[in-house]
Amino acid sequence: MDNDTDQDDTMWPPGTVRLEDIHQSRGQLVLFPTPSADPNDPLNWSKARKVLNFTLVSFFVLWTFVQLDIGFTAWGPMQEQLNFSVDILNAGAAVNYGGLAVGCIFFMPLLHKYGRRPIYIFSTAMQFASCIWQAQTHTTGDFVGSNLISGIGGAISEIIVQITIADMFFVHQHATMNGWYVVAQLTGAFLGPVASGYIVVSQGWRWMWWWCVIFFGITLLCVVFLFEESKYIPVLNGRDTTAAQETSEPSEPVKDGDIVDAKSPDEMIAERVSTNPDIQMKSYFQRMALITPTDELLWPHFYQPIITLFTFPAVGYVAITYGSALSWFAIMTSLQASYMILPPYNFDAIGVGLMNVAPFVGGVLGFPFGGHLSDRSILWLSKRNGGIYEPEMRLWLALPVAIVCPAGVLMFGLGLAYGAHWSLLAVGFGFFGFALSAVSGITLSYLMDCYQDIIGDALVGVVFMRNIFSVIVLFALTPWTEGMGMRDLHILIAVIAFVILLLPIPLLIWGKKARISTAPSYRKMATKQLSHRTV
Numbered sequence: 037m038d039n040d041t042d043q044d045d046t047m048w049p050p051g052t053v054r055l056e057d058i059h060q061s062r063g064q065l066v067l068f069p070t071p072s073a074d075p076n077d078p079l080n081w082s083k084a085r086k087v088l089n090f091t092l093v094s095f096f097v098l099w100t101f102v103q104l105d106i107g108f109t110a111w112g113p114m115q116e117q118l119n120f121s122v123d124i125l126n127a128g129a130a131v132n133y134g135g136l137a138v139g140c141i142f143f144m145p146l147l148h149k150y151g152r153r154p155i156y157i158f159s160t161a162m163q164f165a166s167c168i169w170q171a172q173t174h175t176t177g178d179f180v181g182s183n184l185i186s187g188i189g190g191a192i193s194e195i196i197v198q199i200t201i202a203d204m205f206f207v208h209q210h211a212t213m214n215g216w217y218v219v220a221q222l223t224g225a226f227l228g229p230v231a232s233g234y235i236v237v238s239q240g241w242r243w244m245w246w247w248c249v250i251f252f253g254i255t256l257l258c259v260v261f262l263f264e265e266s267k268y269i270p271v272l273n274g275r276d277t278t279a280a281q282e283t284s285e286p287s288e289p290v291k292d293g294d295i296v297d298a299k300s301p302d303e304m305i306a307e308r309v310s311t312n313p314d315i316q317m318k319s320y321f322q323r324m325a326l327i328t329p330t331d332e333l334l335w336p337h338f339y340q341p342i343i344t345l346f347t348f349p350a351v352g353y354v355a356i357t358y359g360s361a362l363s364w365f366a367i368m369t370s371l372q373a374s375y376m377i378l379p380p381y382n383f384d385a386i387g388v389g390l391m392n393v394a395p396f397v398g399g400v401l402g403f404p405f406g407g408h409l410s411d412r413s414i415l416w417l418s419k420r421n422g423g424i425y426e427p428e429m430r431l432w433l434a435l436p437v438a439i440v441c442p443a444g445v446l447m448f449g450l451g452l453a454y455g456a457h458w459s460l461l462a463v464g465f466g467f468f469g470f471a472l473s474a475v476s477g478i479t480l481s482y483l484m485d486c487y488q489d490i491i492g493d494a495l496v497g498v499v500f501m502r503n504i505f506s507v508i509v510l511f512a513l514t515p516w517t518e519g520m521g522m523r524d525l526h527i528l529i530a531v532i533a534f535v536i537l538l539l540p541i542p543l544l545i546w547g548k549k550a551r552i553s554t555a556p557s558y559r560k561m562a563t564k565q566l567s568h569r570t571v
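Numbering of the sequence shown is given in my numbering, commencing with residue 37 and proceeding in unit increments.
If you want it as structure tokens, here you go:
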């Protein structure tokens, strides 16, 4: 990494920031983004407020991924009771991913225009309704239609959380908070099917959706009455709202040891600066306003996500990496549900669900690797770089995943092809869970750090491509498997995954140059976002 210590930081490329002040008697952490002097600025919220808000966000994510991923545990009973073929079941899953792709494009402009809170509420309500419909499924039309609504309703979950994190937390906390998001995601995606398997056997497959209805109802009530709007509109009173300049007592940089020695995300949640006592805190009803509208155009956010994919290499990298990893997950869960109910395994819904314990365990182990360890590593690397942080520093930890992920795919796929003991498949699925958790946390944090001021549009582009990948592979999965065979299919996937997961190497070499060359485009696009943060 080039050392920019002596350069004017206004000339640095997007993503390059000073995380440590080397001119102090000892290294001290510099907060970025710089918080304002407004006590209503989410960056200045108390630890308790941040914990409550992010806990509600995590609960929302958990149940979103439960309802998105439990359906396959009922494929066996649905084939028997409703005469659905495997092609119809795969088509329903593909339509669900299509809804995820379309929904994120629809919701994103509204998220910018009207705030985070109404989108959380509407998304939760829409998923509540979709679960009622899925519980009442009797025809192919019901199955496909409810999956479409389910996908549209859950679409924003893969975007709004990262925006909420950017609203409330600093750069050196992004990977840890993204790691907690991934844990909530994986808990829903992997443990949800475990619970649903038992429900299908004991209460019938329709009841797994009724339980989702109950918990989405609870989530909806909690979001309506407890979730605070994190979209920040600054108080403009003719003075600079930056905390370090506004307050009579300038805030000191946070000591490096205060962060490096943190043992839990709770301890990392709020480095608070001095705030202006003349600015009043909003009342409860103001914080719980249904909408927070701003004078912002909607239409640019419908096309800008696609532009980001082809303009910024970091966005393209994350889209390909994150999208392909979740596509492999879609393939593995579909094949598991379709083939492990057959000889030699003869799994019932409980057995199919329990297979997901393995990737959950792997995901939990991958969480600190791609989360807290990533945040600690960038502080160490920044110190070695004269206190200057480059987003590519996060990518060193992504390289080991290039071995773990293909290994997991091969163990699962070849084991399934040769009828190996289910424990081998479970270990392979666990390796894949570790890789998915780690690479998700690292890549999402890398993207947030590179292009924070356009993170919403960038994430829409990423999620759109991710879901398009999944739609394509699920529609093509049956003929693909029949044409290549189970063994060759997974060998091909492992090779593709290995190549994609080595993309951090060129970014480690040329990533900063790419950010420099695309800086004018980034700043131009950032001016179209309503934000008080420095671009």
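Note that beta-carbon positions come from the ideal geometry of N, C-alpha and C, so glycine has one too.
Bear in mind that the values here come from a model prediction, so they are computed numbers and not experimental data.
Inter-residue spacing [alpha-carbon to alpha-carbon] between residue i and residue j
i    : j    : result
F348 : A137 : 20 Å
Q316 : L326 : 20 Å
Y358 : N421 : 28 Å
G423 : W416 : 9 Å
L461 : G444 : 8 Å
G51  : Y487 : 6 Å
A355 : L345 : 8 Å
V218 : L334 : 29 Å
A165 : T311 : 43 Å
E428 : K548 : 8 Å
S481 : V509 : 26 Å
L401 : V393 : 13 Å
P329 : C167 : 30 Å
T109 : Y454 : 23 Å
L222 : D105 : 10 Å
P395 : F365 : 10 Å
P145 : P313 : 34 Å
Q163 : C248 : 9 Å
L495 : D178 : 30 Å
L543 : F403 : 23 Å
D384 : I377 : 6 Å
E303 : D77  : Low local confidence applies: a pLDDT of 38 at E303 is under 50, so the model's placement there is unreliable, and no value is given.
L147 : G399 : 29 Å
I155 : D203 : 15 Å
G406 : G233 : 30 Å
I192 : T100 : 10 Å
Selected residue, minimal CA-CA separation from residue i, among the options
i    : options                   : result
S94  : G51, I377, I196 and N132  : I196
F96  : S363, R559 and C258       : C258
M511 : V249, K318 and G128       : Residue identity differs from the one stated: residue 511 is Phe in this sequence, not Met. Of V249, K318 and G128, the residue nearest in Cα terms is G128.
W576 : A191, T563, S553 and L450 : There is no way to answer for residue 576, as the model of the chain reaches only from 37 to 571.
L184 : I201, Q103, G464 and R85  : Q103
L537 : E116, S238, Y353 and S319 : Y353
L67  : F205, A130, F120 and Q115 : F205
S319 : G187, E265 and V53        : E265
T91  : P113, V230 and T255       : T255
A438 : G240, P556 and F467       : F467
F448 : M522, S473 and A361       : M522
K86  : I235, L262 and G151       : L262
G387 : F534, W246, V230 and I367 : V230
Q239 : L525, T212 and A171       : A171
S370 : L55, R54, E116 and L125   : L125
First through last residue of the alpha helix (DSSP H) which encompasses residue i
i    : result
W99  : K83 to D105
A225 : Taken as a continuous stretch (DSSP letters only), A225 belongs to no alpha helix (DSSP H), as it is neither H nor E.
E194 : S193 to M204
R430 : Run containing R430: none; DSSP gives neither H nor E here.
K560 : A555 to A562
T330 : No alpha helix (DSSP H) contains T330, which DSSP labels as neither H nor E.
T344 : P336 to T347
W247 : W241 to L262
Q117 : W111 to L118
H148 : V122 to Y150
W458 : W458 to C486
G497 : I491 to M520
Buried versus exposed, by CB contacts within 10 Å (16 or more), residue i
i    : result
Y268 : buried
S61  : In this prediction, S61 scores a pLDDT of 45, lower than 50, which makes its location untrustworthy; the coordinate-derived value is nonetheless stated afterwards. Classification for S61: exposed.
N194 : It is Glu, not Asn, that sits at residue 194 in the sequence shown. So E194 ends up on the buried side.
S418 : buried
R430 : buried
I545 : exposed
T563 : exposed
S82  : exposed
N119 : exposed
One or two residues paired with residue i in a DSSP bridge
i   : result
R54 : I424
Residue i beta carbon near the ligand SAM (any heavy atom closer than 7 Å)
i    : result
A202 : You won't find the ligand SAM in this model; it holds no ligand whatsoever.
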